[in-house]
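Quick notes on the structure that follows.
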């Protein structure tokens, strides 16, 4: 390369190459910073919708014999509340966080497949919109978020409601599967040179295991949805016991996904905690290797305990004992993480700030949820608590404690990174107390409500069983909780509007995402660093200016190409130069064609579905044309006096790994189908 | 209606298990939160603990014995609660959206939403459904069991004394789910015999 540029000139050149066009051109964005933010913003919008539904539920249940909304609407409300929170808030939220953060923490300029990120985002938005529009039209799903057959089969749900769930959620799942594959590949192949796996920050490990679980966790649900939609649309009897099917097959397929799903939601949040806690403890995390072992153990165990959602369906007791023990055992890797975090704080010089407040809230709420989880794992107790408000309380303690509180900590920790501003007002502190008090007021005594015999999902109850004051308390608590969230929202707006700018690294963090200007430029790093030590013990304030000068790998703009580095999966040594695609509308068009496919199925226009499918495939075939290269250039300069070939000339490039990961997903889908066939042949009653 | 107010030996065992687990959980919760508080208030008390002590102590030594003991106890208790061998008395509970109908040997299903059982005697309830999945739950007498299409599940209940015990469908089954309640009426054995003879 020619003479080095000034940091400003380099910034201008890179911004020109990596930027997204203005106006309508924004819809063509493929940039991970932009799409990560969009994912999180839309997820927050769905969180607000889900919260609104919860308010209506609590308004209905505040008093006995309530005539506020009838059972028909109520059933849609709780089904949509669960569905929105699980599929349209929690999963997309951490996907967005991962898409925004991973390249920055690992030292790359973008994710592996930027157009796939955009396609996933559009699938998520469109699939989610189908569900919301259906709700506004009064035909929302009403079978409960786990859609048990035969209630969700055609004879008992004749309307379009169940189809909206099956097709809408499968549409949204496309974004989960594409994100999973992309996250696996990006973590394994796109780290800063020298960042061996053993030096990777724990957030990377958590997301790697999470994405791996998604790759094999989602296919059973997708298969179940396909089979149930086939039964509903064409009368194939997979879940009908009178014609050789079995309703329990749905439960197995659903929870085969559904339980890992809970850990898929918890692990990214735990990754956030493992990133934030060391910063505020002012020391490195305790037991780095033990934590990695714990995450891997959790990943494996989570696939072996789905039956604990089915303790009362009449499975032989000794079989239940196995799943009971496995469910109890999952407390061990959880305890390892909890004590590693407390130990980190205890052996450091802990300081307080807003994110730590929410971390403390996490400890209080999540530990309680974990303890009731162990109780529920005990088969005899489960026969009393199952499907009662005890379970409602437990799952909210685990999911709000294990996901929402860590995400609020993450919000306050990384918002300065996203906006480049620091909070001026301390609205976050009263907001925290409102959320903590409101949450416990809502859910703590729900344990008692459940044990006093109140089953979940009833829209009214009589007043003679002592449930009245408990329900009223929960309803009042839920409004306090909502006020807390409203205050957080106000705080965010104030911070965006009036927050004060800062120079760099406000928390004195130790990971790479702070070694860049904030808000981050589109290209993330002006040059990629060489990592010589554990990448969660770096000094971003010192590395940042060096990289901004272009001092590192690829610290230049070449031929208008968007370049980043591909490394060896284990050692992190440079293998090749990855050339990424420019902004394009192709993902949007492809997602629109995919939407046409799903809408054709939803409205029973079966002639249109194959046409739409052909258009989708044709559009996908257009994708490679922009990136192809017809000649070999040999190794090219990558800075620091080193050379590497382009990805097309390297054997182990990201496309190869992505194809292998996708094959695993396909393999799991077929294995689930095989499981279903064997189940019907061997276990089913007929 | 409350599982915390058991009215039979089986529900009593489940309630005892709950109180033991609640006490243990309270201790563990206070322990974890206390350690968290100490790490801020009195870090010097904890600073001598090494990484290995935190992780092995908190992650393995603390939970494993508790979990093994608890899972073992629950397994033994679960085995005791199983309907092993035939109980002297067996009745049918048949769910159909949105009501329960009950049947006795040698007679048709009844429509009055009341299950009659003798007090002080274990009773096997055969739970079936005509349509979707329901769940048979009488909290004061024992746990619940699902009514699954194409299957026949059994739950054994026992009431200590004559009286009325309420039951409710615990598995969501559609718009009538909230009204799917029923009564279990326990009679002294002699009265129960007379009742059955009168019916057949």
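Chains as they are written, first to last, in this note's numbering: chain C, 40 to 725; chain A, 1200 to 1399. For glycine and all other residues, C-beta sits at the position ideal for the given N, C-alpha and C.
Asked: Residue 677 of chain C versus C:401, C:568, C:79, C:197, residue with shortest Cα-Cα distance; Found: C:568
Asked: Partners in chain A for residue 114 of chain C, counting only beta-carbon separations shorter than 7 Å; Found: 1374
Asked: Whole-angstrom C-beta distance between residue 309 of chain C and residue 245 of chain C, which should lie under 8 Å; Found: 6 Å
Asked: Cβ of residue 1390 of chain A within 8 Å of any chain C Cβ; Found: no
Asked: Minimum C-alpha distance to residue 357 of chain C - residue among A:1232, A:1275, A:1263; Found: A:1275
Asked: Alpha carbon of residue 1291 of chain A to alpha carbon of residue 1282 of chain A, nearest angstrom; Found: 15 Å
Asked: Closest residue to residue 469 of chain C among C:217, C:112, C:527 (Cα-Cα distance); Found: C:527
Asked: Residue 1262 of chain A vs residue 364 of chain C beta-carbon contact at 8 Å; Found: no
Asked: Entirely enclosed alpha helix (DSSP H) segments - the stretch 598 to 632 of chain C, minimum 4 residues; Found: none
Asked: Own chain partners of residue 26 of chain C with C-beta closer than 6 Å, once the 5 adjacent residues on each side are dropped; Found: An answer regarding residue 26 of chain C cannot be provided, because it is not within the stretch 40 to 725 covered by chain C.
Asked: Residue 334 of chain C vs residue 243 of chain C beta-carbon contact at 8 Å; Found: no
Asked: Pick from C:400, C:369, C:418, C:531 that is closest to residue 475 of chain C, judged by C-alpha positions; Found: C:400
Asked: Closer than 8 Å to chain A by CB, residue 422 of chain C; Found: yes
Asked: Any C-beta of chain C under 8 Å from that of residue 1323 of chain A; Found: no
Asked: Beta-carbon proximity of residue 517 of chain C to residue 94 of chain C, cut-off 8 Å; Found: yes
Asked: Neighbour list for residue 325 of chain C in chain A, Cβ cutoff strictly below 8 Å; Found: 1250, 1253, 1254
Asked: Best match in A:1393, A:1208, A:1388, A:1380 for proximity to residue 1310 of chain A [C-alpha to C-alpha]; Found: A:1380
Asked: Distance, residue 722 of chain C Cα to residue 1348 of chain A Cα; Found: 14 Å
Asked: Under the three-state DSSP convention, the category residue 1299 of chain A falls into; Found: strand
Asked: CB contact check: residue 1290 of chain A to chain C, cutoff 8 Å; Found: no
Asked: Neighbourhood of residue 231 of chain C by C-beta, 6 Å cutoff - its chain only, sequence neighbours within 5 removed; Found: 146, 567, 568, 570
Asked: CA-to-CA distance, residue 162 of chain C to residue 47 of chain C, given in whole angstroms; Found: 37 Å
Asked: Residues that residue 371 of chain C contacts on chain A, provided the C-beta gap is smaller than 8 Å; Found: 1258, 1259, 1262, 1263, 1266
Asked: Three-state class that DSSP yields for residue 461 of chain C in the structure shown; Found: strand
Asked: Presumed contact (8 Å Cβ cut-off) between residue 260 of chain C and residue 305 of chain C, rounded CB distance; Found: No, residue 260 of chain C and residue 305 of chain C are not in contact; Cβ-Cβ is about 18 Å, not under 8 Å.
Asked: Residue 1231 of chain A at chain C interface by Cβ criterion, 8 Å; Found: yes
Asked: Closest Cα partner of residue 1289 of chain A within the set A:1247, A:1306, A:1374; Found: A:1306
Asked: Cross-chain neighbours of residue 1228 of chain A in chain C, by beta carbon under 8 Å; Found: 406, 407, 410
Asked: Partner residues on chain A for residue 360 of chain C, Cβ-Cβ distance less than 7 Å; Found: 1274
Asked: Three CB pairs or more closer than 8 Å across the stretch 474 to 494 of chain C and the stretch 546 to 562 of chain C; Found: no
Asked: CA-to-CA distance, residue 312 of chain C to residue 1259 of chain A, given in whole angstroms; Found: 21 Å
Asked: Segment contact flag, the stretch 168 to 181 of chain C with the stretch 264 to 274 of chain C, C-beta cutoff 8 Å, min 3 pairs; Found: no
Asked: Simplified DSSP assignment, three categories, for residue 484 of chain C; Found: coil
Asked: Endpoints, the alpha helix (DSSP H) within which residue 37 of chain C is located; Found: A question about residue 37 of chain C goes unanswered here, because the residues of chain C that appear run from 40 up to 725.
Asked: Proximity of residue 368 of chain C and residue 424 of chain C at Cβ, strictly below 8 Å; Found: no
Asked: From C:622, C:100, C:582, residue whose alpha carbon lies closest to that of residue 601 of chain C; Found: C:622
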